Structure formats: C-alpha cells, structure tokens
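Presented below is the structure to which this report refers.
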Amino acid sequence: ALLVDARQTRSVSGATSLITLSSALSACEKVGRWRQAIALLVHMSGPQGPTPDVVAYSAAVSACEKGSRWERALEFLIGMPPRRIQPGLIAFNAAFSACEAGSSWEHAQTLLQQAGATGLIPDVFSFSAVVSGFGQGGRWHLMIALVQAMLGQPVR
4 ALLVDARQTR
14 SVSGATSLIT
24 LSSALSACEK
34 VGRWRQAIAL
44 LVHMSGPQGP
54 TPDVVAYSAA
64 VSACEKGSRW
74 ERALEFLIGM
84 PPRRIQPGLI
94 AFNAAFSACE
104 AGSSWEHAQT
114 LLQQAGATGL
124 IPDVFSFSAV
134 VSGFGQGGRW
144 HLMIALVQAM
154 LGQPVR
C-alpha cells in the first residue's frame, strides 16, 4: 500500500516526488520493511521515477540492515559511486551494522578502509560495529589492533 500511495503522489510537474519517495523509504526502514524499501528504490531507478539520491540509498541500506539482509545492504552501498552518489557515514554505518549482524567481518574491514579512503572519518558507531564484528568472528587480533588504532585517533 505504501508503494502504491508513494507512486500516486505527484509533484506539480506530474512526476513522483523524490522527497515523497525518500520519505517512504525512510518509513520502510524504520518499520523493518526491507522488501518495500527495495521495491521503492528499484522504482526510483526506473524511467518513471526520480533519480535516487544519497538519502534514498542510505535509507535502503539501513532498511536492509534492519532486515538482516547484509548482502543487499552492501549491494546498495557499492552501487552508489557508479551512479555518482557519494555514500556518507550514515550509509557506511548501516553497512557496518549489517556486516556485524551477518557475521561478515571481512566485508566490514574492507568497508572501513573504503570509508577512510573517501575521506570519511569513522565515528564511535562505525568502530563499535566493526569491533563487535571482529569479536563475533573470533578475530581477536584484528579487534585489538583496531581498538589500539582508535586510541590514537580522535573519534566523534
């Protein structure tokens, strides 16, 4: 119903509003409706929809994270730069949490490096999810190394 309602909401120009669809995506994320979030993002990416922005993609990553779909969360995060959308820390943090929940510490480690390479400064949520993922994966040496690296950096 949410998807139908969002598709029927038109702006003055007759196109479905990016703001309306991004709001619907955020609502899906908040109530754990990852399938609907994916459907909205696919609609937005099609010829009839407005071009998704960083807010829309971040909401989709978060919805997938909350739905325990870490692979899909990573697909959306990785799919942003080819569309000339620079993922922000919100999208990365959702992906870190998704990797933590999915016991995919390897991906979390790679994402942490990618976030740093793009100039993003990981915050306490970033490090917490990655450290926890290392612990869950039994990678104590990586967890200790990351904690030691964190002690030498300012963390927000």
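Read in the numbering used here, the sequence shown has 141 at position 138, and its numbers run on one by one without any break.
Here a beta-carbon is modelled for each residue, glycine too, at the ideal position from N, C-alpha and C.
All values derive from a computational prediction rather than experimental measurement.
Sequence-distant residues of the same chain with beta carbon closer than 8 Å to residue i, five excluded per side
| i | result |
| --- | --- |
| A148 | none |
| S61 | P90, G91, I93, A94 and A97 |
| G82 | Y60 |
| G155 | none |
Nearest neighbour of residue i, chosen from the options [CA to CA]
| i | options | result |
| --- | --- | --- |
| N96 | A30, Q39 and S65 | S65 |
| R86 | T54, A42, S106 and A27 | T54 |
| G49 | L21, L80, A76 and S29 | L21 |
| A63 | A118, L115 and L44 | L44 |
| D56 | E32, L114 and P84 | P84 |
Environment of residue i [buried if 16+ CB atoms lie within 10 Å]
| i | result |
| --- | --- |
| R72 | buried |
| H144 | exposed |
| S107 | buried |
| I41 | buried |
| A104 | buried |
| P125 | buried |
| V150 | exposed |
| E74 | exposed |
| A120 | exposed |
Alpha helix (DSSP H) segment containing residue i, residue limits
| i | result |
| --- | --- |
| R38 | W37 to S48 |
| L24 | L21 to K33 |
| L123 | Taken as a continuous stretch (DSSP letters only), L123 belongs to no alpha helix (DSSP H), as it is neither H nor E. |
| Q51 | No alpha helix (DSSP H) contains Q51, which DSSP labels as neither H nor E. |
| S61 | V57 to K69 |
7 Å CB neighbourhood of residue i in its chain, flanking five on each side removed
| i | result |
| --- | --- |
| F128 | N96 |
| G70 | G35 and W37 |
| G140 | S106 and W108 |
| R142 | W108 |
| D8 | Confidence at D8 is low in this model, with a pLDDT of 49, below 50, so the placement of that residue should be treated as unreliable; the coordinate-derived value is given next. Closer than 7 Å at Cβ, skipping near neighbours: no residue. |
Beta-carbon proximity list for residue i, same chain, < 6 Å, skipping 5 on both sides
| i | result |
| --- | --- |
| V58 | S25 |
| A111 | F99, C102, V133 and G136 |
| F130 | M153 |
| C67 | W37, R75 and A76 |
| V15 | Caution applies to V15, whose pLDDT of 47 falls short of 50 and renders its modelled position unreliable; the value that the coordinates give is listed next. Cβ within range, chain order: n/a, list empty. |
Alpha helix (DSSP H) runs contained entirely in the region 74-114, provided each spans 4 or more residues: 92-104
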